[in-house]
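Student: One structure, pasted below without further comment.
Written out as structure tokens, the structure is:
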């Protein structure tokens, strides 16, 4: 039984390597916590000691942002055609006053941090 499982592992590994070779200039990143991620933050945004990204801190009328520090190219350099991308994330909104809350989160794609 161990031999067929090993062959499946080898086949999957080979397919993953071929996918990486064919995909070209893919940019991938995975955050399992935000400690040491080099995200660019502003406002009241902070990374907590346990690795959580905190965009608000309970201060009234204050917010924060977090940005991936490097540009993600969404067009092919050679011909300008749009590249596809996908994302997934898990987040939680915790509030001291559930009935008064107005917290939220937005995923934004922008040409620069200034837009």
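Residue numbers (mature numbering (1 follows the signal peptide of the UniProt record, and there is no 0)): -24 to -1, 1 to 91.
Here a beta-carbon is modelled for each residue, glycine too, at the ideal position from N, C-alpha and C.
Note that the coordinates shown come from a computational prediction; the quantities given were computed from them, not determined experimentally.
(1) In chain order, what residues of the same chain lie with their CB nearer than 6 Å to the CB of residue 9, ignoring the 5 residues before and after it?
(2) Taking buried to mean at least 16 other C-beta atoms within 10 Å of its own C-beta, is residue 54 buried or exposed?
(3) Just tell me which of 34, 38, 39, 43 has its CA closest to the CA of residue 16.
(4) Quick check on residue -1: buried or exposed, where buried means 16 or more other Cβ atoms within 10 Å of its Cβ?
(5) Can you give me the Cβ contacts of residue 22 inside the same chain, cut-off strictly under 6 Å, excluding the 5 residues immediately before and after it?
(6) Can you tell me whether DSSP reads residue 75 as helix, strand or coil?
(7) Would you kindly check if the distance between the Cβ of residue 66 and the Cβ of residue 3 is under 8 Å?
(8) Report, in whole angstroms, the separation of the C-beta atoms of residue 70 and residue 59, which I expect to be a contact under 8 Å.
(9) How about residue 19 and residue 38: are their beta carbons less than 8 Å apart?
Tutor: The relevant details are as follows:
(1) 27
(2) exposed
(3) 43
(4) Confidence in residue -1 is poor, its pLDDT being 49 and thus under 50, which makes the residue's placement unreliable; the coordinate value appears in the next sentence. Exposed, since its Cβ has fewer than 16 Cβ neighbours within 10 Å.
(5) 30
(6) helix
(7) no
(8) Contact doesn't hold; Cβ gap of about 35 Å is too wide.
(9) yes
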